[in-house]
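Worksheet: the structure to be examined is printed underneath.
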Amino acid sequence: MAKTIKITASELYNELVDNFKIKEKIGSVEIKLGNITAKYNGKDAIGDLLQEWLGEWMRSKNYYFRTKVNTQEFPDFLLSESDTKDFLELKTFNASASPAFDIANFDSYCTSLLKIPERIDADYLIFSYKMKNSELSIDNVWLKKVWEMASPSGQDPIKLQVKRNQIYNIRPCTWYSTRLKFPPFNNKKEFLKAISETHKEYPQCDQYKKNWLKIVETKYFENTGVKL
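Here the working numbering is used: the first residue of the sequence shown is 814, the next is one more, and so on.
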């Protein structure tokens, strides 16, 4: 068996877009049960199916990757043997609408950064797709860091999904729009400060109000030797 090939997220993106030319491919989604096959024309399952497809595509290229035993855990893919770097998350959204996926659960994200602050450096591979008459196509592809697709909002220091004054998820902005009122953060420090400011505004964040940002910064420096 041939030795697997190590690949970075940037190299993976270039291979998909420039060499494989994923934006020129046409596909479909089908379900087969017994001797009956039906084509799928919905959108609810596309994210999970594209994640499965990406894993198979990487296997076909003999690229090294692995996944967590619990596939619901962050990240979707690890591109090296390390458990603290080379994180790759796949996000998808319908090209005819604005991005509406969850970047991360807010509480889980805040807690995880206290333990593995290197998560801030994760790469996010983002597909916008079209589904028309059971034909699936990829409209656009981006490779982003978390702060490059998150932004402030009019109500909060960072764009969130909030219901009845309870924060659920961190939500993306429409980073590719030229008419954004609130553009993405410029760097990871701005992003982390926005999360820290959010902690002051919601009762559920009491556990984070004391030195959360300082702990993350200190832990990141201890683990990487780099100051945030």
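Where is the CB? At the ideal position from N, CA and C, for every residue including glycine.
As the structure is a prediction and not an experimental result, all values here were calculated from the model.
When we look at the beta-carbon of residue i and count the other beta-carbons within 10 Å, is it buried (16 or more) or exposed?
i, result
"ARG992", "exposed"
"ARG872", "exposed"
"PRO985", "buried"
"SER964", "buried"
"ASP952", "exposed"
"ASP857", "exposed"
"GLU931", "buried"
"ALA1007", "buried"
"ALA815", "exposed"
"TYR981", "exposed"
"ASP899", "buried"
"TYR989", "exposed"
"PHE833", "exposed"
"PHE1034", "exposed"
Hey, would you say the C-beta of residue i is under 7 Å away from at least one heavy atom of the ligand SAH?
i, result
"GLY847", "This structure simply doesn't include the ligand SAH, nor any ligand for that matter."
Give the DSSP-derived three-state secondary structure of residue i in the structure shown.
i, result
"ILE820", "coil"
"TYR876", "strand"
"LYS834", "coil"
"PHE919", "helix"
"ASN907", "strand"
"PHE1004", "helix"
"ASP868", "A small fix is needed here, since residue 868 is Gly in this sequence, not Asp. In the structure shown, GLY868 sits in a helix (DSSP, three-state: H, G or I)."
"ILE1048", "Here the chain has residues from 814 to 1041 only, and residue 1048 is not among them."
"THR924", "helix"
"THR884", "coil"
"ASN827", "helix"
"LYS989", "Here residue 989 turns out to be Tyr, not Lys, going by the sequence shown. In this structure, TYR989 counts as coil in the three-state DSSP scheme."
"PRO970", "coil"
"GLY860", "helix"
"SER964", "coil"
"ASP896", "coil"
"TYR1015", "coil"
Taking the beta strand (DSSP E) that residue i belongs to, which residues open and close that run?
i, result
"ASN953", "948–957"
"ASP936", "936–945"
For residue i, which residues does DSSP report across the bridge?
i, result
"LYS976", "GLN979"
"GLY840", "LEU949"
"SER890", "First, the amino acid is wrong: residue 890 is Phe here, not Ser. For PHE890, which the question treats as bridged, DSSP gives the partners LEU901."
"THR1056", "Here the chain has residues from 814 to 1041 only, and residue 1056 is not among them."
Could you spell out where the alpha helix (DSSP H) holding residue i opens and where it closes?
i, result
"TYR780", "The displayed coordinates of the chain run from 814 to 1041. Any statement about residue 780 would go beyond what the structure contains."
- Message: Pairs of beta-carbons, one from the segment 876–883 and one from the segment 909–922, closer than 8 Å: are there three or more?
- Response: no
- Please determine if the segment 886–893 and the segment 837–844 are in contact, where contact requires at least 3 C-beta pairs separated by less than 8 Å. no
- Counting Cβ pairs, one atom from each stretch, are 3 or more of them under 8 Å apart for the segment 964–975 and the segment 860–871? no
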